[in-house]
Amino acid sequence: MPHTAIEAQVEDGGSASKPQRIIKLSKTTDDSDKKGTNKRVKDIEICVPIVYGTIAFYLGRKASESQSHKWTVYVRGATNEDLGAVIKHVVFQLHPSFNNPTRIVEAPPFELSECGWGEFEIGISIFFHSDVCDKHLDLYHMLKLYPEDESGPQSTKKPVVMESYNEIVFPDPSECFFARVQNHPAVVVPRMPAGFSLPVLAPVENTNEKGRGDTKDHPLSQWFLNFSEADELLKLASARQQVQAHIVKLRRELSVIDGMPHPLKPASSYECT
Amino acid sequence: MDAKDILGLPKTPLPIPQEKKSRPQKDSQRKPDGISREVYALTGGVAPLMPSIDVSQLKRRPPSDEKITWQWLPFTSSARKDDLQLYHWVRVVNGVPPTGDYSFAKYNKSVDVIRYTDEEYEKYLTDPKWTKEETDQLFDLCERFDLRFIIIADRFPTHRTVEELKDRYYSVSRAILVARAPSPGEVAGHPLVKEPYNVTQETERKRALSMVLSQTKHQERKDAEVLAEAKRIAESRMAARAAEEPDLPVPSDVGLESAEGAVGPGDTISPSNVQAPAAAIAPSTSVIADNASTLASLRMLRVYLRTYALEQMVQAASSSAGLRTIKRVEQTLQDLGVNLKPKVPTKAVCAEHLELRKEILTLLNLQKQLQYKEAEGSSFRDGSYGDMPGTAKRSQRAADQDHTFVPDTISFGVIPGDRVVKREQKRKGPGRTSETPSSPAGAHKRPRKMKASDL
């Protein structure tokens, strides 16, 4: 087990010199018995931007007491690219009132459609390929069926969409994974450090029976939200500017006060406007 | 009734009213015979299902058929080596005195101190620091005083510490045991052989104990802070599933104290040689260290979400801030029109967000500093209502026309300042003008309806 190898190494080496027990995983290259999946690319993080959420349609005339809405929960690439290279399968944990509430989706597009009447929290567990990561990631999403404004009857044409953007980060990815997804459109891979050479593997063919794994032409794609970091960056930049200006002012005032002798204005202070 | 069903309560009411009625009845009935009424009431006042006390046993003591006398008789004890005869009162039944040994003789236990022969001493037990004489004396005292080492140390002719004596005694006994045993395996189970006496550990332990006991209140508080910090760091590492620390025995407390003692001013405790694991938890309260440790712990995870990483970094950055300050930071973010949690958490956005939060913290700290400085001056300059930063950008925040971007300078301000300000608010009433010379922001309340055009 790679983990025990790591621990043994650190203890032998004696931690007297290290103030912090940061374990450099690259040490396992010495005793890696696997083919090289244990080799890790240090100081590089691979990032997979995803969007996950639900889209719910009111069934209108076809609605019944127990099935008033048809909804789909999914995990997609933020740019609608195929996530199958990274994700092995996704487990959607539904409300126990559903049959088989644990639904496993083994191939992209990672989505699940159901009919129901109630809103509940859906558990989304993302499992990765073995060379990517052996730990899974848990997300939670609240299924929303009813629109914000309750004015008027629900339309069957316009669904209620709730999406969340997030990024899955793999620090120190394995060399194998790195090589595999270097040029993959769904994955953000920073430039390799100079002098680093990795074999460029041919991208894996998508042998998915469902057809394509990407969601670019997905039937629901017209409802997908657009997540642009530009807006937020702009707002943040302007906010920072304001704050920085204020800081500068305060610093100036502070230095003024420090430089000033003790002022003597006893009673007139109460007359300030 | 439905509620009771849901809660699982019995439908019929509990027999509380019944008890009330029955208790006065019982009292007057005087159920018990052997014991008084009040004592009986102590046991609940109700007759037990099974008699817990055999009532008949309680006052049966004087048996009617025996004749008891008490006599002053001599006795001997097998615990004594001489034939001393002492006298005591003896309960004589029907003229027959009791037989048997003195009843307390069985408590005369002593320790089996191993005695060695001179040969054995020559062969196994010589030690540069101990003469044979001393060792003999030691063993004598041990036997006399049943291994009460404190007393032995007091009575020992030459000056030796308790630990040295213990060490010598236990190592000698151990050596003898091992030497006399037919095979090492047989004796391996013996506690002396299994766990030898460790002098250094004992000295350390006692030193640590005395240090702990003699701590001043001040030191106690500092220790608690350090431990809380260490716990937080350790927990963040555990969350990142870092490799386990080995169990930290008492020396780690020693390490903490000595590390802290080195930091504390005027302490005469010299830092002892601290073991490495303890050093890992040495107090490091700087924010930079927090950030570094958070980054490290994030790297330990094989996979994480960007939002999770941001949360951790935010937490690390605001670790030194109290809850109130954090709330103020969030309020400021809202005033600026920034989402508390970014809607599009990319790497760049998260980095910017974090930096913004840090800058707001700096800002709030500066404001506090400014307030204190003002209050120190003990004079309140003409109040302006705070300076307005870059108003050009304000058009973005359409919703916030009435409020200026002046974070709450006063609500948490210095108390004298508050009182003064409150007084002037009352006096001024609603029609307040804002034509004040813009002097440095001092101890003021945030203006109520300040329009952008006023600036």
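Quick mapping for you: the protein sequence lines, in order, are chains A and B.
Under the working numbering, the first residue of the first sequence is numbered 33, with each subsequent residue one higher.
Under the working numbering, the first residue of the second sequence is numbered 1019, with each subsequent residue one higher.
Beta carbons are placed, not taken as given, at the ideal position from N, Cα and C, and that holds for glycine.
The model shown is predicted, which means the values in this text are computed figures rather than measured ones.
In whole angstroms, what is the alpha-carbon distance linking A/TRP103 and A/ARG93?
Taking the first residue of the first sequence as 1, we reach residue 103 of chain A at position 71. Taking the first residue of the first sequence as 1, we reach residue 93 of chain A at position 61. So the two alpha carbons sit approximately 16 Å from each other.
CB-CB under 8 Å to A/ILE156, same chain, minus the five flanking residues each way: which ones, in chain order?
Position 124 of the first sequence, counting from 1, holds the residue named residue 156 of chain A. Closer than 8 Å at the Cβ level, and outside the excluded window around A/ILE156, lie TYR84, VAL105, VAL107, VAL122, VAL123, PHE124, GLN125, ASP170, LEU171, TYR172 and HIS173.
Taking B/ASP1353 as the reference, which of A/TYR178, A/ALA271 and A/LYS74 has the closest Cα?
To locate residue 1353 of chain B, count along the second sequence from 1; it is residue 335. It is A/ALA271.
Return the Cβ separation of A/ILE17 and A/ASN198 in integer angstroms, given the expectation that the two are a contact with Cβ distance under 8 Å.
Residue numbering for chain A in the displayed model covers 33 to 305; residue 17 of chain A lies beyond these limits and cannot be assessed.
Give me the Cα-Cα distance between B/ALA1300 and B/ALA1246, rounded to the nearest whole angstrom.
One-based indexing of the second sequence puts residue 1300 of chain B at position 282. One-based indexing of the second sequence puts residue 1246 of chain B at position 228. With a pLDDT of only 41 at B/ALA1300, under 50, the local geometry of the prediction cannot be trusted, and the value read off the model is given with reservation. When rounded, the distance between both Cα atoms is 12 Å.
Closest Cβ-Cβ distance between A/LYS71 and chain B: below 8 Å?
Sequence index remark: in the first sequence, residue 71 of chain A carries index 39 (1-based). No, no contact with chain B.
Any idea what DSSP makes of B/TYR1134, helix, strand or coil?
Counting from one through the second sequence, the residue named residue 1134 of chain B turns up at place 116. Coil at B/TYR1134, not helix or strand.
Which residues in chain A sit within 7 Å of B/ILE1378, going by Cβ to Cβ distance?
As a first step, residue 1378 of chain B is located in the second sequence; it is residue number 360 there, counting from the start. Near B/ILE1378 (Cβ distances below 7 Å), the residues of chain A are VAL275.
Under 8 Å, Cβ to Cβ, is there at least one residue of chain B near A/GLU264?
Counting from one through the first sequence, the residue named residue 264 of chain A turns up at place 232. Interface residue, yes.
Counting C-beta neighbours from all protein chains within 10 Å, is the total for B/LYS1184 16 or more, i.e. buried, or is it exposed?
Stepping through the second sequence from its first residue, residue 1184 of chain B is reached at position 166. It is buried - the Cβ of B/LYS1184 has at least 16 other Cβ atoms within 10 Å.
Report the residue from A/HIS127, A/VAL118 and A/PRO140 whose alpha carbon sits nearest the alpha carbon of A/HIS161.
The residue given as residue 161 of chain A occupies position 129 in the first sequence. It is A/VAL118.
B/ARG1109 - partner residues in DSSP beta bridges:
One-based indexing of the second sequence puts residue 1109 of chain B at position 91. Note: B/ARG1109 sits in a beta bridge opposite B/TRP1088.
Count the other C-beta atoms from every protein chain shown that fall within 10 angstroms of the C-beta of A/PHE256, then say buried if there are 16 or more, exposed otherwise.
On the first sequence, position 224 is the one that residue 256 of chain A refers to. Buried: at least 16 other Cβ atoms inside 10 Å.
For A/ASP170, the residue or residues it bridges with in DSSP:
In the first sequence, counting from the first residue as 1, residue 170 of chain A sits at position 138. Paired residue(s): A/SER157.
Could you list which residues in chain B have their beta carbon closer than 8 Å to that of A/CYS165, in chain order?
Taking the first residue of the first sequence as 1, we reach residue 165 of chain A at position 133. Correct list: ARG1320 and VAL1321.
Is it the case that the stretch 1346-1362 of chain B contacts the stretch 1373-1383 of chain B, given that we only count it when at least three CB pairs across the two stretches are under 8 Å?
yes
Are the C-beta atoms of B/PRO1214 and some chain A residue less than 8 Å apart?
As a first step, residue 1214 of chain B is located in the second sequence; it is residue number 196 there, counting from the start. Judged by the 8 Å Cβ criterion, B/PRO1214 is not in contact with chain A.
C-beta neighbour in chain A for B/PRO1209, strict 8 Å:
By one-based count along the second sequence, residue 1209 of chain B stands at place 191. So, not an interface residue.
Using CA atoms only, rank isn't needed, just tell me which of B/GLN1155, B/TYR1120, B/GLU1204 and B/THR1325 is closest to B/TYR1105.
Counting from one through the second sequence, the residue named residue 1105 of chain B turns up at place 87. Of the candidates B/GLN1155, B/TYR1120, B/GLU1204 and B/THR1325, the one whose C-alpha sits nearest the C-alpha of B/TYR1105 is B/TYR1120.
Can you pull the DSSP bridge partners for A/TRP103?
Mapped onto the first sequence, residue 103 of chain A falls at position 71. A/TRP103 is bridged to A/ALA88 and A/GLU146.
Within 8 Å (strictly less), CB to CB, does A/PHE202 reach chain B?
Reading the first sequence from its first residue, position 170 is the one you call residue 202 of chain A. Cβ-Cβ to chain B under 8 Å: yes for A/PHE202.
Under 8 Å, CB to CB, which of the residues in the stretch 75-107 of chain A have a partner in chain B?
CYS79 and PRO81
So if I threshold CB-CB distances at 7 Å, which residues from the stretch 276-287 of chain A count as touching chain B?
GLN276, ALA277, HIS278, ILE279, LYS281, LEU282, ARG283, GLU285 and LEU286
For a contact defined as C-beta to C-beta under 9 Å, what are the partners of B/GLY1355 on chain A?
In the second sequence, the residue the question calls residue 1355 of chain B occupies position 337. Simply LYS267, SER270 and ALA271.
Could you check where the beta strand (DSSP E) with A/GLN125 kicks off and where it finishes?
Position 93 of the first sequence, counting from 1, holds the residue named residue 125 of chain A. It spans 119-125 - the beta strand (DSSP E) in which A/GLN125 sits, taken as one unbroken run.
Determine, using beta carbons only, whether B/ALA1197 and B/GLU1138 come nearer to each other than 8 Å.
Position 179 of the second sequence, counted from the first residue, corresponds to residue 1197 of chain B. Position 120 of the second sequence, counted from the first residue, corresponds to residue 1138 of chain B. In this structure, B/GLU1138 lies closer than 8 Å to B/ALA1197 by Cβ.
Are the beta-carbon atoms of A/THR247 and A/ASN112 separated by less than 8 Å?
In the first sequence, residue 247 of chain A corresponds to position 215, counting from 1. In the first sequence, residue 112 of chain A corresponds to position 80, counting from 1. A contact, by the Cβ cut-off of 8 Å.
Taking Cβ-Cβ distances shorter than 8 Å, what residues in chain A pair up with B/ARG1250?
Counting from one through the second sequence, the residue named residue 1250 of chain B turns up at place 232. By Cβ distance, chain A contributes nothing, its closest Cβ being about 15 Å from B/ARG1250, past 8 Å.
Report yes or no: is there a C-beta of chain B within less than 8 Å of the C-beta of A/SER157?
Along the first sequence, read from residue 1 onward, the residue named residue 157 of chain A stands at position 125. For A/SER157, the answer is no, since every Cβ of chain B falls outside 8 Å of its Cβ.
Proximal residues of chain A, C-beta to C-beta of B/ARG1324 below 7 Å
In the second sequence, residue 1324 of chain B corresponds to position 306, counting from 1. Residues of chain A passing the Cβ test: ASN198, GLU199 and VAL201.
B/SER1311 - DSSP class collapsed to helix/strand/coil
Position 293 of the second sequence, counted from the start, is the residue given in the question as residue 1311 of chain B. Helix.
Bridge partners - A/TRP255, DSSP secondary structure assignment
Against the first sequence, residue 255 of chain A aligns to sequence position 223. Looking at the DSSP assignment, A/TRP255 forms no beta bridge with any residue, so it has no partner.
Whole-angstrom C-beta distance between A/LEU286 and B/LEU1388, which should lie under 8 Å
Numbered from its first residue, the second sequence carries residue 1388 of chain B at position 370. Numbered from its first residue, the first sequence carries residue 286 of chain A at position 254. Rounded, the Cβ-Cβ distance is 6 Å, consistent with contact.
How would you list, in chain order, the residues of chain B whose beta-carbon sits under 7 Å from the beta-carbon of A/LEU169?
For the purposes of this step, residue 169 of chain A is identified with residue 137 of the first sequence, where counting begins at 1. Neighbours of A/LEU169 on chain B, chain order: VAL1321 and LEU1323.
Since B/LEU1388 meets chain A, which of its residues come closer than 8 Å, beta carbon to beta carbon?
Sequence index remark: in the second sequence, residue 1388 of chain B carries index 370 (1-based). Within 8 Å Cβ-Cβ: LEU282, GLU285, LEU286 and ILE289.
Indicate the three-state DSSP secondary structure (helix, strand or coil) for A/CYS165 in the structure shown.
Stepping through the first sequence from its first residue, residue 165 of chain A is reached at position 133. Correct three-state label for A/CYS165: coil.
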